[in-house]
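J.: Sharing a structure, written as structure tokens. Questions coming.
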Amino acid sequence: MADADVVRMPEQLPELVRVDPSAGIRFTPNQLRALKAETGRTMTDLLGEDGDDEDRMQAMVWLELRRQGKAVPWDRCGDVALEFSLPTPDPTTGGSSTESPRSAGSGG
Numbered sequence: 116m117a118d119a120d121v122v123r124m125p126e127q128l129p130e131l132v133r134v135d136p137s138a139g140i141r142f143t144p145n146q147l148r149a150l151k152a153e154t155g156r157t158m159t160d161l162l163g164e165d166g167d168d169e170d171r172m173q174a175m176v177w178l179e180l181r182r183q184g185k186a187v188p189w190d191r192c193g194d195v196a197l198e199f200s201l202p203t204p205d206p207t208t209g210g211s212s213t214e215s216p217r218s219a220g221s222g223g
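Just so you know, the sequence shown maps onto residues 116 to 223 in the numbering used here.
Right under this line is the structure:
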């Protein structure tokens, strides 16, 4: 079978995309250009005051998937759930979420 005859299956999308809300929304100019080419709308149209919640969520999913190297169509991003979650702390750092008070000196 020649390469031209190979049927390419659409890329499998995750059911859920997690976004760290403390990181803020980050994007590059090229991602904004690609988003505009894909949707015909600017980031302000999608995320601004006149945008709706569904478009805001879908834009964040689309941008996150692009960061992960997945070039997926805009319409498919509407089927991916969006979750805002903080990263899990690294237990190997030995750090604690609270510090114990320093012990009093024994005098001397």
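Glycine residues also receive a C-beta, built at the ideal position from the N, C-alpha and C atoms.
For clarity, every value in this text was computed on a predicted model and none was experimentally measured.
#1: Quick check on V176: does DSSP put it in helix, strand or coil?
#2: Which residue marks the beginning of the beta strand (DSSP E) containing A196, and which one marks its end?
#3: Taking the C-alpha atoms as reference points, what is the distance between G139 and L150?
#4: Let me know the secondary structure DSSP gives L128 once reduced to three states.
#5: Which of helix, strand or coil does DSSP assign to R133?
#6: Measuring straight from C-alpha to C-alpha, what distance separates T143 and D194?
T.: Put simply:
#1: helix
#2: 196-199
#3: 18 angstroms
#4: coil
#5: strand
#6: 24 angstroms
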